[in-house]
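S.K.: Mind having a look at this structure? Questions to follow.
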Amino acid sequence: MRLADLFTRKPKPDTTAQALEKALVAAKAGDYAAALSIWEPLARAGNARAQNNIGACFAGGMGVEKDVVLAQRWLVLSAAAGDASGQRNLASLLFKGEDIEADYPEAARLYRLAAEQGDPQAQDMLSWMLMEGEVMTADPVEAREWALKAAEGGIAAAMTRLGMIYHNALGVPRDPSQAVYWWRNASAAGDPDGEAMLGAALHLGMGVERDPSSAYEHLLRAEAGGSTLAAPFIEAARNALNEKP
Numbered sequence: 001m002r003l004a005d006l007f008t009r010k011p012k013p014d015t016t017a018q019a020l021e022k023a024l025v026a027a028k029a030g031d032y033a034a035a036l037s038i039w040e041p042l043a044r045a046g047n048a049r050a051q052n053n054i055g056a057c058f059a060g061g062m063g064v065e066k067d068v069v070l071a072q073r074w075l076v077l078s079a080a081a082g083d084a085s086g087q088r089n090l091a092s093l094l095f096k097g098e099d100i101e102a103d104y105p106e107a108a109r110l111y112r113l114a115a116e117q118g119d120p121q122a123q124d125m126l127s128w129m130l131m132e133g134e135v136m137t138a139d140p141v142e143a144r145e146w147a148l149k150a151a152e153g154g155i156a157a158a159m160t161r162l163g164m165i166y167h168n169a170l171g172v173p174r175d176p177s178q179a180v181y182w183w184r185n186a187s188a189a190g191d192p193d194g195e196a197m198l199g200a201a202l203h204l205g206m207g208v209e210r211d212p213s214s215a216y217e218h219l220l221r222a223e224a225g226g227s228t229l230a231a232p233f234i235e236a237a238r239n240a241l242n243e244k245p
């Protein structure tokens, strides 16, 4: 090979994995046009992750006009091909029923499929549904199992739910210290409800040594973060600051 050929040869095209990574970088930078230009040919060629990503863009109006019906079409393809994100995102559309007909049983089925593939957000949602018992038969034992998996995946809401499970003895013996353990983790992960429950526990000395100052701080942050669980405890926690030891 001539030396000149080294500089004139065409670069090899990106592999699918490289193309998806390049598109993801563009999307995270807010350049959805660039991302979509990469995803579209891949999606039309049958790539399930690209189909999911396009569906998610139409569902959220990211880089394109929001179109839930079109989002559903792409996500159906992705979910049918076995993509966990596609299954979870399609489940979310069917659960919300915004601009399309809600289908709770199908949403539950898809959340379970995605959860079984290790999707933490789907595991969290499946845990919630098993705890609520409206979409499917309540099963606090299985709800705890999925919440643990979701918590291991970093889902803060699942950590808060685990705290509630131990606090309310739902399928497990009541364990206030274990409840506090999970609420503390949820608070550190940024969940306002977890922080509210941690504040309440610190105020009441429930599963942890009573600490009025820390309790009040956590409750205020939780309320500022949007948690409605903090309000019933804030006034009492404020008054506790003035109690004599």
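Its first residue numbered 1, the sequence shown is counted upward by one per residue in the UniProt record's numbering.
All C-beta atoms, glycine included, are put in the ideal place defined by N, C-alpha and C.
Within this structure, are the beta carbons of residue 182 and residue 166 separated by less than 8 Å?
M.R.: Yes, Cβ-Cβ distance for residue 182 and residue 166 is below 8 Å.
S.K.: Any idea what DSSP makes of residue 193, helix, strand or coil?
M.R.: Helix.
S.K.: Please list the terminal residues of the continuous alpha helix (DSSP H) segment that includes residue 36.
M.R.: Taken as a continuous stretch (DSSP letters only), the alpha helix (DSSP H) holding residue 36 covers 32-44.
S.K.: Using 8 Å as the threshold, is the segment 96-106 in touch with the segment 120-127, meaning 3 or more CB pairs across them?
M.R.: No: the two stretches stay apart, fewer than three of their Cβ pairs being nearer than 8 Å.
S.K.: Check whether the Cβ atoms of residue 144 and residue 172 sit closer than 8 Å, and answer yes or no.
M.R.: The answer is yes: Cβ separation under 8 Å.
S.K.: Tell whether a beta-carbon distance below 8 Å holds between residue 191 and residue 231.
M.R.: Contact flag unset, no.
S.K.: When you compare only the Cα positions, how much space is there between residue 220 and residue 242?
M.R.: Going by the C-alpha atoms only, they are around 17 Å apart.
S.K.: Out of curiosity, what's the CA-to-CA distance linking residue 36 and residue 22?
M.R.: Taking the straight line joining both Cα atoms gives about 11 Å.
S.K.: Please list the segments of the alpha helix (DSSP H) lying wholly inside the segment 118-168, counting only runs of 4 or more residues, in order along the chain.
M.R.: Whole alpha helix (DSSP H) segments, 4+ residues: 120-132, 140-152, 156-167.
S.K.: What is the DSSP secondary structure of residue 199, counted as helix, strand or coil?
M.R.: Helix at residue 199.
S.K.: Beta-carbon within less than 7 Å of residue 117's beta-carbon, same chain only, minus the 5 sequence neighbours each way: which residues are those?
M.R.: Hits under 7 Å: 84.
S.K.: Using CA coordinates, which residue listed in 223, 204, 222, 228 is at the minimum distance from residue 240?
M.R.: The candidate whose alpha carbon is nearest that of residue 240 is 204.
S.K.: In the DSSP assignment, find the unbroken alpha helix (DSSP H) run with residue 48 in it and report its ends.
M.R.: Unbroken alpha helix (DSSP H) run through residue 48: 48-60.
S.K.: What number of angstroms, rounded off, separates the C-alpha of residue 222 from the C-alpha of residue 24?
M.R.: Looking at the two C-alpha atoms, the distance is approximately 33 Å.
S.K.: Can you name, in chain order, every residue of its own chain whose Cβ lies under 6 Å from the Cβ of residue 180, other than the five neighbours on each side?
M.R.: Result list for residue 180: 201, 207, 208, in chain order.
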